[in-house]
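The structure appears right after this line, and notes come after that.
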Amino acid sequence: MARVNSADGFSDGHADGDADGDAVGSSDTAGTSDPVTGIGRRTVLRTGAFGALGAAALWGLGSGREVAAAPAHDGAFGYGVASGDPTADSVIIWTRFTPRVDGEPALPGSGQGAPTPVRWTVSPTADCTEAVATGVVTTSPDSDHVVKVDVTGLDPYTEYFYVFAAGDETSEVGRTRTAPDEPGTTHALRFAQVSCANYTGGHFGTYAAIAERDDLDFVLHLGDYFYEYGNGDDRYGPDELIGERDHRPAHEIVSLEDYRTRLAQYRADPDLREAHRLHPFITAFDDHEITNNAWSDGAENHNEGEGDYAARMSASFQAYTEWLPIRVDPATTEDGTVFHRRFTYGDLADLSVVETRQHRSEQVASFVLIGGPGTNEELNDPDRQIMDGAQMEWLQDGLTAQRRWHLVGNQVMVSPLAWPGQYMGDVQGSVMINGDAWDGYRADQKSLLTHMARQPASSGDTVILTGDIHSCWVEDLVADPDAVLETAIQSYPPAAQAAAETAAAKGAATPAANPSPAPAAREGSPIPPMIAEPVPVPEQLTFASDPAPAGVEFVCPSISSDGFYEIVRSVLQSPTVSVGAVKLAEAVLGAINPHLRWMDGIGHGFILIDVTEERVQADFHLTDEPSSSQPDPRIDPSHRPEHRASFQTVAGSRVTSEASGPVGPRSDAPRRAECAPAPSDDPTSPHPTATEAPTPTGGPTASGSPTPSRTPSPTGTPVPSRTPSRTPAPKPTSEPSRSQSPSRPPRPAPSGSPSWPSAPPSDDPRRHPQPGGSASPQLNDRLPRTGGEMGGALGLGIAAVAGGLGLTVAARRRRAAAHDAPDAHVAHEDPAASGEDQAD
Numbered sequence: 004m005a006r007v008n009s010a011d012g013f014s015d016g017h018a019d020g021d022a023d024g025d026a027v028g029s030s031d032t033a034g035t036s037d038p039v040t041g042i043g044r045r046t047v048l049r050t051g052a053f054g055a056l057g058a059a060a061l062w063g064l065g066s067g068r069e070v071a072a073a074p075a076h077d078g079a080f081g082y083g084v085a086s087g088d089p090t091a092d093s094v095i096i097w098t099r100f101t102p103r104v105d106g107e108p109a110l111p112g113s114g115q116g117a118p119t120p121v122r123w124t125v126s127p128t129a130d131c132t133e134a135v136a137t138g139v140v141t142t143s144p145d146s147d148h149v150v151k152v153d154v155t156g157l158d159p160y161t162e163y164f165y166v167f168a169a170g171d172e173t174s175e176v177g178r179t180r181t182a183p184d185e186p187g188t189t190h191a192l193r194f195a196q197v198s199c200a201n202y203t204g205g206h207f208g209t210y211a212a213i214a215e216r217d218d219l220d221f222v223l224h225l226g227d228y229f230y231e232y233g234n235g236d237d238r239y240g241p242d243e244l245i246g247e248r249d250h251r252p253a254h255e256i257v258s259l260e261d262y263r264t265r266l267a268q269y270r271a272d273p274d275l276r277e278a279h280r281l282h283p284f285i286t287a288f289d290d291h292e293i294t295n296n297a298w299s300d301g302a303e304n305h306n307e308g309e310g311d312y313a314a315r316m317s318a319s320f321q322a323y324t325e326w327l328p329i330r331v332d333p334a335t336t337e338d339g340t341v342f343h344r345r346f347t348y349g350d351l352a353d354l355s356v357v358e359t360r361q362h363r364s365e366q367v368a369s370f371v372l373i374g375g376p377g378t379n380e381e382l383n384d385p386d387r388q389i390m391d392g393a394q395m396e397w398l399q400d401g402l403t404a405q406r407r408w409h410l411v412g413n414q415v416m417v418s419p420l421a422w423p424g425q426y427m428g429d430v431q432g433s434v435m436i437n438g439d440a441w442d443g444y445r446a447d448q449k450s451l452l453t454h455m456a457r458q459p460a461s462s463g464d465t466v467i468l469t470g471d472i473h474s475c476w477v478e479d480l481v482a483d484p485d486a487v488l489e490t491a492i493q494s495y496p497p498a499a500q501a502a503a504e505t506a507a508a509k510g511a512a513t514p515a516a517n518p519s520p521a522p523a524a525r526e527g528s529p530i531p532p533m534i535a536e537p538v539p540v541p542e543q544l545t546f547a548s549d550p551a552p553a554g555v556e557f558v559c560p561s562i563s564s565d566g567f568y569e570i571v572r573s574v575l576q577s578p579t580v581s582v583g584a585v586k587l588a589e590a591v592l593g594a595i596n597p598h599l600r601w602m603d604g605i606g607h608g609f610i611l612i613d614v615t616e617e618r619v620q621a622d623f624h625l626t627d628e629p630s631s632s633q634p635d636p637r638i639d640p641s642h643r644p645e646h647r648a649s650f651q652t653v654a655g656s657r658v659t660s661e662a663s664g665p666v667g668p669r670s671d672a673p674r675r676a677e678c679a680p681a682p683s684d685d686p687t688s689p690h691p692t693a694t695e696a697p698t699p700t701g702g703p704t705a706s707g708s709p710t711p712s713r714t715p716s717p718t719g720t721p722v723p724s725r726t727p728s729r730t731p732a733p734k735p736t737s738e739p740s741r742s743q744s745p746s747r748p749p750r751p752a753p754s755g756s757p758s759w760p761s762a763p764p765s766d767d768p769r770r771h772p773q774p775g776g777s778a779s780p781q782l783n784d785r786l787p788r789t790g791g792e793m794g795g796a797l798g799l800g801i802a803a804v805a806g807g808l809g810l811t812v813a814a815r816r817r818r819a820a821a822h823d824a825p826d827a828h829v830a831h832e833d834p835a836a837s838g839e840d841q842a843d
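Residue numbering for the sequence shown follows our numbering, starting at 4 and increasing by one per position.
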């Protein structure tokens, strides 16, 4: 049985344990295309990623787990269902009800539509004929008619199904599961790590691949869930998808209506909808949920003509908390909205999800030139912060708990990283750092890494999980981040020469310690002049000192956002040459950063994270390497990422090593919920049956401040001794096999609706990820050691790797202006169709 908490602070919402069979409202929703997606009246997109999809399917009431699917974006529940923030005894369930106004659907962001009661049911079976909890929530235009319910009193590590209904409309059935968090019991933990999904950047094949899996406890999304850009000169992504995957609204989003409309478009994508339907999500926002390179009081991609920045940030936060199944109180205090929260998984692990935009200081620059050992005074200023002091204290306190693993869901790279300025437009060479990452906030970076390194073996090991940079990285974290830069500056020939020349010119005994931004970074140019001479890759550097190991970091690629390869190809054109240039850039970065174990700047996809008592393994699933026949896999809606490489960190080692291969089937599976058949409601009403739900003790276990109340007592399982050396630890064997869970509610085409196919079509070709294959070799074993064949492409690749991700609006406009028909980037639309004539 379960108690229900009302939707997150929505003033007009309510929930109750209604079980008397009363009607819960009705809605006349014929199958009409939703203009927010650009479908229907805009014929230019009729052959795009979506189609005109049917009226709501009948809710499956038969035996078994066959459940009919609702349409993609038509009907009252056209934006699908979702769940999120699962704990041992609770989970958020979500949908958006679309009322009708004068026969037309009330568009997201319009502020229109009457409040409507929506019944929800949580069930142990996919046909939802039994119930463990049920209730009613009344939607409101104040919350964009979203329905969010925090269902509590559930059993740990248990699979549930859920559904929504209003009048004669019923949603598709979602599947979720509670967290494996039981005192005295250690379960394995497995989830997908993703970030950076740009709608105009390509199809969401990564989400489709995740939806096809049945072995995930949740999906960890680390930010850039959507992008703020429009369809004009600020658009980026494959030209082949112009007119097929255009942003709605067409302009850069700044208002509450804009953010709601954009989120609705992303949630209507069939691959994202299916991933949300089948897996709970744990999400964190990064900058693009507001705007590029955001900080507390502004952003690189915000100007006075776009209005008050605080109002823009507030609008983005409101839309985000409405449209995502996240357990966050939307009320704003003097310290802002609390987004950081922690989840626990028995004595095995905890997951701290941080937030690094709301309180951060302004970036010194996108990339900062380092002229000598250490960094300048501004970067080291202890008053500059990437998160507020209360959150930093909360994070560090959590890393002292006695669990085997401390996982940190983080947005921008924590690891220090030296970027070779010689190839980034700096005439003197030297070394640069990424000012938007933790490298740009040195006091916080040093504080966290030092704290991690000081933890005793009884406190377990820390694994940082990161997104943002549109590429894959495996890094060993060290206690002293300055050791990375000092090694590069002292040992990397171009940097050492530049530092010596700078010191000699100034008559100083040491190199300059007050660097300025490189010209390329300051001017926003994504591609500096190519280096004409072939440049050999330097020999592998080793640390000048011996910094203590602090933990490891796994960085996931983007889902569809442009990465290093796409930026290089925009200039070089040839897919083959561009791939070679990026690989050489990877080799240079690996050579001058001795803590970097592996990287990939070409593929898109996700990381499968598998956690056991012995190790944490990261399986990288990436799209195919581009070729002349397929220069951009993102334009193919059937393309799926597949296993490419595997790395692990063994308990007690605090370093990474190559794994022997991808993980096998899980060693355990969640339970099935049990419930006696519920008494029948009004037989003429299609809404679900229910039983009265008594109020249990306890409550949610994820919160923004203290460690969750359901934190179990440690069992005292010994943690292996630390491995003091940097020698890779031995590789444990794979987990024992088990059959995959058969509990997926399938999505057959709706019966009785032959005019509208389901989404995606049943004949849509799918390339399922296949287990097997060996992991990729270490970075410097698989990449070429000379730049002779590539010539100037090496410089171009390095420049793209470092500078391309900080593209400013001005740089994108220059690139767009180079196209023969730049106006083709702007999708002309009927304002009435997109809802842009609605006032915020």
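The beta-carbon is built from N, C-alpha and C at its ideal position, and this holds for glycine as well.
Do you know offhand how far residue i's Cα is from residue j's?
| i | j | result |
| --- | --- | --- |
| L266 | S418 | 31 Å |
| E380 | R445 | 10 Å |
| A91 | T469 | 25 Å |
| P111 | L351 | 41 Å |
| R270 | A322 | 12 Å |
| H454 | V466 | 13 Å |
| K586 | H148 | 48 Å |
| V580 | G664 | 29 Å |
Mapping the DSSP letters down to three states, classify residue i as helix, strand or coil.
| i | result |
| --- | --- |
| H95 | Looking at the sequence itself, residue 95 is Ile, so the reference to His does not match. It is a strand residue. |
| Q620 | strand |
| E175 | coil |
| I492 | helix |
| R216 | coil |
| Y165 | strand |
| Q845 | Residue 845 cannot be examined here, being either before or after the span of the chain that is shown, 4 to 843. |
| M3 | Residue 3 lies beyond the residue range present for the chain, which begins at 4 and ends at 843; the question has no answer from this structure. |
| D158 | coil |
| G87 | strand |
| P273 | helix |
| V487 | helix |
| T469 | strand |
| T626 | coil |
Where do the ends of the beta strand (DSSP E) carrying residue i lie?
| i | result |
| --- | --- |
| F284 | F284 to T286 |
| M455 | Looking at the DSSP string, M455 is not in any beta strand (DSSP E); the run it does join, the alpha helix (DSSP H), is R445 to R457. |
| T141 | A136 to T141 |
| G608 | G608 to V614 |
| V580 | First-last for V580: P578 to I595, but that is the alpha helix (DSSP H), not the beta strand (DSSP E). |
| W409 | It should be noted that the sequence gives His, not Trp, for residue 409. W408 to N413 is the span of the beta strand (DSSP E), which, as asked, contains H409. |
| Q651 | E645 to V653 |
| E556 | P552 to V558 |
| D353 | A352 to V356 |
Looking at the unbroken alpha helix (DSSP H) that takes in residue i, where does it start and where does it end?
| i | result |
| --- | --- |
| S317 | Y312 to W326 |
| R572 | F567 to L575 |
| H362 | No alpha helix (DSSP H) contains H362, which DSSP labels as neither H nor E. |
| W476 | Segment C475 to V481 is the beta strand (DSSP E) holding W476; no alpha helix (DSSP H) there. |
| L382 | E380 to N383 |
Can you tell which of the options has the C-alpha that lies nearest to the C-alpha of residue i?
| i | options | result |
| --- | --- | --- |
| S198 | P597, H224 and R178 | H224 |
| E136 | F320, V152 and H148 | According to the sequence shown, residue 136 is Ala rather than Glu. Comparing Cα-Cα distances from A136 to each of F320, V152 and H148, the minimum goes to V152. |
| S319 | D300, Y348, R330 and R263 | R263 |
| A486 | E556, I595 and D217 | I595 |
Does the CB of residue i have a neighbour CB from chain B at under 8 Å?
| i | result |
| --- | --- |
| Y228 | The structure shown contains no chain B, having only a single protein chain. |
Checklist entry - For the 8 Å Cβ check, are there 3 or more pairs between the region 347 to 359 and the region 302 to 315? => result Contact fails: fewer than three Cβ-Cβ distances are below 8 Å.
Item to check | Touch test, the region 434 to 453 against the region 365 to 374, Cβ-Cβ under 8 Å, three pairs minimum | outcome: Judged by Cβ distances under 8 Å, the region 434 to 453 makes contact with the region 365 to 374, as three or more pairs qualify.
Checklist entry - Counting pairs of beta carbons, one from the region 161 to 173 and one from the region 192 to 212, are three or more of them closer than 8 Å? => result Short answer: they don't touch.
Checklist entry - Within the chosen definition, does the region 119 to 132 reach the region 95 to 105 through at least 3 CB pairs nearer than 8 Å? => result Three or more beta-carbon pairs drawn from the region 119 to 132 and the region 95 to 105 are found closer than 8 Å, and the two stretches are therefore classed as touching.
Checklist entry - Taking three-plus beta-carbon pairs below 8 Å as touching, is the region 210 to 222 in contact with the region 271 to 279? => result With the cut-off at 8 Å, the region 210 to 222 and the region 271 to 279 touch.
Checklist entry - Taking one C-beta from the region 588 to 607 and one from the region 472 to 481 each time, how about it: are there three or more such pairs within less than 8 Å? => result Touching, per the Cβ criterion.
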